[in-house]
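Q:
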Amino acid sequence: MNKNWVVIVVEDSYDDVQLISTVLSNSGIEVHVAKNGEECLHLVEKFYPTLIITDLAMPKMDGWEMLGILRDDPKTAQIPVVAISAYYSSDLAVDATAVGFAACLPKPVRPRHFVEQLTEIIG
């Protein structure tokens, strides 16, 4: 089901990029990496992803600002964006989904269940 996915991982932490990229790649998912929201917006134009996974706190452009730009553009408004955060709380998850994130997950991600979670999120 997810073999044709193209996912952009937006994350400034090397360890998190490695973990997430490896888990996705091992499931046959094509992965592209951006270090911040600005880089992600350039990649979106090139690859039109199935899904974007983004950290919320990053330099230059954070996940919140990036989501706003994606949602304002009719060409990218429907791309599911999943937030990940080291500062996860149920309040953060409510705030994130209220502004348009498809979901908000705690970091570090749980490799064993991560792809299953994403499959459920994007239906």
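Quick note on our numbering: the sequence shown kicks off at 423 and runs consecutively. Beta carbons are placed, not taken as given, at the ideal position from N, Cα and C, and that holds for glycine.
#1: Does the stretch 513 to 521 come into contact with the stretch 530 to 540, if we say contact requires no fewer than three beta-carbon pairs (one atom in each stretch) closer than 8 Å?
#2: Are the CB atoms of S507 and K482 within a distance shorter than 8 Å?
#3: On the DSSP letters alone, give me the boundaries of the alpha helix (DSSP H) that L478 sits inside.
#4: Suppose the cutoff is 6 Å on Cβ atoms and the five residues either side in sequence are ignored; what does the same chain contact list for I544 look like?
#5: Considering only the beta carbon of each residue, do I442 and V531 sit closer than 8 Å?
#6: Along the alpha helix (DSSP H) that carries V431, what are the first and last residues, could you check?
#7: Counting along the chain, where does the alpha helix (DSSP H) carrying A499 start and finish?
#8: Please classify V531: does DSSP put it in a helix, a strand, or coil?
A: Looking at the coordinates:
#1: At 8 Å Cβ cutoff, the stretches do not touch.
#2: Counting from 1 along the sequence shown, the entry for residue 482 is found at position 60. Counting from 1 along the sequence shown, the entry for residue 507 is found at position 85. No. Outside cutoff.
#3: As a working mapping, residue 478 is identified with position 56 in the sequence shown. Bounds of any alpha helix (DSSP H) do not take in L478, whose DSSP letter is neither H nor E.
#4: Position 122 of the sequence shown, counting from 1, holds the residue named residue 544. If we look at I544 and ignore the five residues flanking it on each side, its Cβ neighbours are L473 and P502.
#5: Position 20 of the sequence shown holds residue 442. Position 109 of the sequence shown holds residue 531. Contact: yes.
#6: Along the sequence shown, read from residue 1 onward, the residue named residue 431 stands at position 9. First-last for V431: V428 to V432, but that is the beta strand (DSSP E), not the alpha helix (DSSP H).
#7: On the sequence shown, position 77 is the one that residue 499 refers to. Secondary structure note for A499: it is in no alpha helix (DSSP H), with a DSSP letter that is neither H nor E.
#8: On the sequence shown, residue 531 is found 109 positions in, with the first residue counted as 1. Reduced to three states, the DSSP call for V531 is coil.
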